[in-house]
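Protein sequences, first through last, are from chains H and B. If you're matching positions, the first sequence starts at 0 in numbering that gives the first Met the number 0 and goes up one per residue. If you're matching positions, the second sequence starts at 0 in numbering that gives the first Met the number 0 and goes up one per residue.
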Amino acid sequence: MSVQEARVLGEPAVAQRPRARRPRGATRRLSLSRLALYGITGLVLFYLVFPIIVVIPVSFSSAAFLQFPPPGLSLQWYEKFFGRRDWIDATLLSLRIAMITTVIATVLGTLASLALVRGRFRGRNVINAFIVSPMIIPAIIVAIGVYFFYARLQIVGNWWALAIAHTALALPFVVINVSATLYGFDERLEYAAMNLGANRRQTFLKVTLPNIRPGIFAGALFAFITSFDELVVALFVSGTGAVTLPRKMWAELRQQIDPTIAAVSTLLIVLSVAILLTSELLRQRGERLRTALPSKDA
Amino acid sequence: MATVARTGTTDEQRRRFARLERGVQLRYLLLLTPAAIFLVVFYGYPVAAMLARSFNDPTWGLENFRRLTVVRSHEDWFLFSMPMNAYIRVFMLTLRIALIVTLITLLLGYPVAYTLASVGASRANLLMIFVLVPFWTSILVRSYAWMVLLGREGTINRLLIRSGLRDEPLQLLNTRFAVYVGMVHILLPFMILPLYSVMRGIDRNYLRAAESLGGRPFDVFRHIFFPLSLPGISAGSLVVFILSLGFYITPALIGGPRDVMISMMIFQQVNMPNWGLAAALALILLVIAIVIYLLFNKILGVERIFGGSRT
Numbered sequence: 000m001s002v003q004e005a006r007v008l009g010e011p012a013v014a015q016r017p018r019a020r021r022p023r024g025a026t027r028r029l030s031l032s033r034l035a036l037y038g039i040t041g042l043v044l045f046y047l048v049f050p051i052i053v054v055i056p057v058s059f060s061s062a063a064f065l066q067f068p069p070p071g072l073s074l075q076w077y078e079k080f081f082g083r084r085d086w087i088d089a090t091l092l093s094l095r096i097a098m099i100t101t102v103i104a105t106v107l108g109t110l111a112s113l114a115l116v117r118g119r120f121r122g123r124n125v126i127n128a129f130i131v132s133p134m135i136i137p138a139i140i141v142a143i144g145v146y147f148f149y150a151r152l153q154i155v156g157n158w159w160a161l162a163i164a165h166t167a168l169a170l171p172f173v174v175i176n177v178s179a180t181l182y183g184f185d186e187r188l189e190y191a192a193m194n195l196g197a198n199r200r201q202t203f204l205k206v207t208l209p210n211i212r213p214g215i216f217a218g219a220l221f222a223f224i225t226s227f228d229e230l231v232v233a234l235f236v237s238g239t240g241a242v243t244l245p246r247k248m249w250a251e252l253r254q255q256i257d258p259t260i261a262a263v264s265t266l267l268i269v270l271s272v273a274i275l276l277t278s279e280l281l282r283q284r285g286e287r288l289r290t291a292l293p294s295k296d297a
Numbered sequence: 000m001a002t003v004a005r006t007g008t009t010d011e012q013r014r015r016f017a018r019l020e021r022g023v024q025l026r027y028l029l030l031l032t033p034a035a036i037f038l039v040v041f042y043g044y045p046v047a048a049m050l051a052r053s054f055n056d057p058t059w060g061l062e063n064f065r066r067l068t069v070v071r072s073h074e075d076w077f078l079f080s081m082p083m084n085a086y087i088r089v090f091m092l093t094l095r096i097a098l099i100v101t102l103i104t105l106l107l108g109y110p111v112a113y114t115l116a117s118v119g120a121s122r123a124n125l126l127m128i129f130v131l132v133p134f135w136t137s138i139l140v141r142s143y144a145w146m147v148l149l150g151r152e153g154t155i156n157r158l159l160i161r162s163g164l165r166d167e168p169l170q171l172l173n174t175r176f177a178v179y180v181g182m183v184h185i186l187l188p189f190m191i192l193p194l195y196s197v198m199r200g201i202d203r204n205y206l207r208a209a210e211s212l213g214g215r216p217f218d219v220f221r222h223i224f225f226p227l228s229l230p231g232i233s234a235g236s237l238v239v240f241i242l243s244l245g246f247y248i249t250p251a252l253i254g255g256p257r258d259v260m261i262s263m264m265i266f267q268q269v270n271m272p273n274w275g276l277a278a279a280l281a282l283i284l285l286v287i288a289i290v291i292y293l294l295f296n297k298i299l300g301v302e303r304i305f306g307g308s309r310t
């Protein structure tokens, strides 16, 4: 193969030399460096996942304090979590805030993406940068900005005010995900639909929306988890009236640590694995949709 | 549609098309309006008003910045003496931690991304789970996990004592070391994902061509693969560095009393309550983040990353 390629380039002699000269050990040395590479990769992946796995057995521990490996098994920390009003209230509040954030951010973000991807108006790049900026700007800056604003309006401690702040943080993730699928969507399908007599609304609902749905769902998942895990803004804005789950965990972690936190963490890990699997499924479906059509550029 | 306008002969047709096009663009602007208004009211304005406080709270002027620059002492930095006070110290520490975390994530993330990009797609997807599960797991949970591992009664100390390597537990938690371990753990996925996406896009034919022209594997890597992966390096480093600058939760939970980063100092000033000073610190943090973004853009061309990663 190498000879043929080199012939095309017109320099066969140069190309043939290394093949003739390559010592017998060369492939083995290569596999040794491969082995080293795989070793490092394995260690790093272990480092990434091991701490998360360690939390799970701690949550089933029968000991009253941190101990690993646990001396015995029990479900007491889950009982404590589900039996205590403050934990359950915090969880329900976080779920409510995250769901409202998801709905508003997904609707606003999807509409904005359509405009940002399809529109050709002036200032589009500036607006895009502004909409994406909450993702990049340090959370503390957004947090105190919103806190000072809410303090003046006297709405610190309102759960819906926290949901609004979370929506601003979640919007960029929706815009990025929906924009990505919109770029991959063939606009000729819309022309075809309208050519066949569909009006704009029908075209959007029956052609565009189903095609960009994986991106919308992925963006919604990001929005949900952004709000559900958000702590820094909540530390300032939630006051005493809107204690979310991360806020409650933070308070526990700073006082005493009993394995209830491990039980909560395990439940959150299960949630994040579920979200990961969902988002992977969505991604694969999105790719299949895209490859099912001939590319516009091809 | 555009061709109609170009081939259309009469001015009347051209005008009508322009009117139609304006209508379409207006419709797009209308779609953008709700999100734009929402963000201006609940994010843009509050942040701008907060930053303005650094100049007008408690009084008009540069008083807040003057307080930040009151020199308490001097410290020798290489050849010149550096004016020093508590604020400058915290900024320097934050920059140093961000830089070191970025370098470590790059060193650890590059081989992982390289491996993921060189194995088959299905195996890469499987290995990717190891990167994505931490990515989707809450920072609080991951910080807590490091408390479990590094604590005095934690997993690592127990293993050390049981194996007879140590008699006394090591002080691992609430140290600078813990901050690095925890921050690198949280930020690694942000390095690996852009690196992987750029490396996947590298045309393997370039590597084959280099090999067939006699390049040894290391030379092929150094002269072909590595330069082509640079957009991923700059994207990953930029994201990790800027995220590190604003870290709060992890250093506050697993760092020591001396590991105060900018965010923690801003937090303290807000609670004092010293809002003007907090705003001034926030403004400086924001300026640093923006300057770093522009520098990266100038030197490494961040724009290429977004256009060039998908081919």
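A virtual CB, placed ideally from N, CA and C, is assigned to each residue, including glycine. Just so we're clear, the structure is a prediction, and the values are computed from it rather than from any experiment.
In this structure, the straight-line span from the alpha carbon of residue 268 of chain H to that of residue 53 of chain H is close to 11 Å. Legend: CB atoms of the region 120–145 of chain B lying less than 9 Å from CB atoms of chain H belong to residues 124, 126, 127, 128, 129, 130, 131, 132, 133, 134, 135, 136, 137, 138, 139, 140, 141, 142, 143, 144, 145. At the C-beta level, residue 252 of chain H and residue 252 of chain B come within 9 Å of one another. By the C-beta density criterion, residue 249 of chain H is buried, having at least 16 other C-beta atoms within 10 angstroms.
Residue-level contact by beta carbon fails for residue 298 of chain B and chain H, as no gap is shorter than 9 Å. Nearest neighbour of residue 284 of chain H by Cα position, chosen from H/212, H/156, H/232, turns out to be H/212. Taken in chain order, the members of the region 192–225 of chain B whose beta-carbon sits within less than 9 Å of a beta-carbon on chain H are 207, 208, 210, 211, 212, 213, 214, 215, 216, 217. With a cutoff of 9 Å on beta-carbon distance, residue 220 of chain H and residue 174 of chain H are scored as not near each other. If the five residues before and after residue 104 of chain B are omitted, its C-beta is found closer than 7 Å to the C-beta atoms of 183, 186, 187, 190, 239, all from its own chain and listed in chain order. Residues of chain H whose Cβ lies closer than 7 Å to the Cβ of residue 179 of chain B do not exist; the shortest such Cβ separation is about 12 Å. The beta-carbon distance between residue 110 of chain H and residue 33 of chain B, rounded to whole angstroms, is 6 Å. This is short enough to meet the 8 Å contact definition.
Its chain contains 275 as the residues whose beta carbon lies nearer than 8 Å to that of residue 55 of chain B, once the 5 sequence neighbours on both sides are disregarded; these appear in chain order. At least 9 Å separates the CB of residue 186 of chain H from every CB of chain B.
Here residue 258 of chain B is buried: its Cβ has 16 or more other Cβ atoms, across all protein chains shown, within 10 Å. The residues 80, in chain order, have a CB closer than 6 Å to that of residue 86 of chain H in the same chain once the five nearest residues on each side in sequence are set aside.
When rounded, the separation of the alpha-carbon atoms in residue 138 of chain H and residue 245 of chain B is 7 Å. Secondary structure note for residue 75 of chain B: it is in no alpha helix (DSSP H), and the uninterrupted beta strand (DSSP E) holding it is 72–76. A distance of 9 Å or more separates the beta carbons of residue 276 of chain H and residue 129 of chain B. Within the region 133–204 of chain H, the alpha helix (DSSP H) runs of at least 4 residues that lie entirely inside it are, in chain order, 138–152, 158–182, 187–194, 199–202. Residue 154 of chain H and residue 63 of chain B have their C-alpha atoms spaced approximately 27 Å apart. Of all alpha-carbon atoms in B/224, B/270, B/163, the one lying nearest the alpha-carbon of residue 200 of chain B is that of B/224.
Flagged as an interface residue toward chain B: residue 248 of chain H, by a C-beta distance shorter than 9 Å. Bridge pairing for residue 80 of chain B: B/75 [DSSP].
For residue 105 of chain B, no CB of chain H lies under 9 Å from its own CB, so it is not counted at the interface with that chain. Under DSSP, the beta-bridge partners assigned to residue 72 of chain H are H/60.
Of the residues assessed, residue 44 of chain B falls on the exposed side of the cut-off, its CB having fewer than 16 other CB atoms within 10 angstroms. Positions of the alpha helix (DSSP H) runs, each at least 4 residues long and wholly inside the region 101–138 of chain H, are given as 123–131 in order along the chain. Scanning the region 222–283 of chain H from its first residue to its last, no whole beta strand (DSSP E) run of 3-plus residues comes out. 23, 24, 25, 26, 27, 28, 29, 30, 31, 32, 33, 34, 35: these are the residues of the region 21–36 of chain B whose beta carbon lies less than 9 Å from some beta carbon of chain H, given in chain order.
At least 9 Å separates the CB of residue 85 of chain B from every CB of chain H. Looking at B/216, B/39, B/179, B/111, the one whose alpha-carbon comes closest to that of residue 232 of chain B is B/111.
Here residue 239 of chain H is exposed: its Cβ has fewer than 16 other Cβ atoms, across all protein chains shown, within 10 Å. Against residue 284 of chain B, the close residues of chain H are 137, 139, 140, in the order they occur along the chain (beta-carbon pairs closer than 8 Å). As the crow flies, the alpha-carbon of residue 286 of chain B is around 10 Å from that of residue 292 of chain B. Contact between residue 157 of chain H and residue 217 of chain H does not hold, since their C-beta atoms are separated by about 30 Å, which reaches or exceeds 8 Å. If the five residues before and after residue 93 of chain B are omitted, its C-beta is found closer than 7 Å to the C-beta atoms of 244, 260, 261, all from its own chain and listed in chain order.
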